[in-house]
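Numbering (our numbering), first residue to last: 65 to 183.
C-beta atoms are modelled at their ideal positions from N, C-alpha and C, and glycine is treated no differently.
In this text the structure is predicted, and so the values were computed from the model without any measurement.
Beneath this line is the structure, given in structure tokens, with notes to follow.
Shown next as structure tokens:
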């Protein structure tokens, strides 16, 4: 084997190892803390997702549903910080008894869903 071939094989080998290590470190989001203000119709949520690199391992999509109907979808390119992805939206036309659901999707693995009944 020549030096170039060995170098190429080593690069491929370490790339594969790094890929599997990244996937092995993938942890799904753990929980969602939801707040809703009936007067302002603002929903805010902290999606708990502990990561070491929020620019490459993050909650990439958040769906907001009211009474089971998707009313909003947001996509992200990185996570707010190492611990949470933050969501803050005005959704409108929500009344007491309605159910607000938020689903957060990890770019590497898994999702978490939480529901809040409006009081």
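query: Residue 173 to residue 134, Cα distance in whole Å?; result: 22 Å
query: Classify residue 143 as buried or exposed, calling it buried when 16 or more other Cβ atoms lie within 10 Å of its own Cβ.; result: buried
query: At which residue ranges does the segment 103–130 contain complete alpha helix (DSSP H) runs of 4 or more residues, listed in the order of the chain?; result: none
query: What does a CB cutoff of less than 6 Å around residue 106 pick up in its chain, not counting 5 residues either side in sequence?; result: 154
query: Buried or exposed: residue 90, going by 16 or more other Cβ atoms within 10 Å of its Cβ?; result: exposed
query: Hey, quick one: how far does the beta strand (DSSP E) through residue 148 stretch, first residue to last?; result: 148–154
query: Which partner residues does residue 169 have in the DSSP bridge list?; result: 125 and 175
query: Under the three-state reduction of DSSP, which class applies to residue 97: helix, strand or coil?; result: strand
query: Look at residue 151 and residue 94 and say whether their C-beta atoms are less than 8 Å apart.; result: no
query: Report, in whole angstroms, the separation of the C-beta atoms of residue 182 and residue 147, which I expect to be a contact under 8 Å.; result: About 27 Å; that fails the 8 Å criterion.
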